[in-house]
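Numbering (the working numbering), first residue to last: 990 to 1113.
Ideal Cβ positions, reconstructed from N, Cα and C, are used throughout, including at glycine.
This one's a predicted model, so the numbers in the text were calculated from it and none came from an experiment.
Notes to accompany the following structure.
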């Protein structure tokens, strides 16, 4: 539960900070730039905390369970989890847009891309 509270605090903190700075993308170019920056920062952050093995969220535990049980790469394991979440969002008529679909299919590959960098930084 600690991870969920930390995640919620961090989201509120960054949204408040961005709002304070006046970052409110109101045109398509700004929205695209903020989306891609958010995707990169999010996946870099996820790569960092999964390497630290700090209280993983259930979704990240599922990713590691698939990785260990079936030998899938972390990229494939994370994508499977995100596709399942996307399917539930669609079935429950949640707010699914183009950004949701892009995140679903790029989150795993970007985590796989960042993990070796984090390992080199952490373990030399």
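Bounding residues of the alpha helix (DSSP H) (the contiguous stretch that carries residue 1039): That run of the alpha helix (DSSP H) goes 1017-1040.
Where residue 1089 falls: helix, strand or coil (DSSP): Helix.
Per-residue burial, residue 994 [other beta carbons within 10 Å of its own, 16 or more giving buried]: It is exposed - the Cβ of residue 994 has fewer than 16 other Cβ atoms within 10 Å.
Contacts around residue 1055, its chain only, beta-carbon distance under 8 Å, and the 5 residues preceding and following it disregarded: Taken in chain order, the residues that qualify are 1061, 1065, 1066, 1069 and 1070.
Terminal residues of the alpha helix (DSSP H) in which residue 1008 lies: Residue 1008 -> alpha helix (DSSP H) spans 991-1009.
Beta-carbon proximity of residue 1100 to residue 1037, cut-off 7 Å: Taking 7 Å as the Cβ cut-off, residue 1100 and residue 1037 do not qualify as a contacting pair.
CB contact flag (residue 1075, residue 1093, <7 Å): Cβ distance < 7 Å, so residue 1075 and residue 1093 count as in contact.
C-alpha gap between residue 1048 and residue 1024, whole angstroms: Residue 1048 and residue 1024: Cα-Cα distance of roughly 21 Å.
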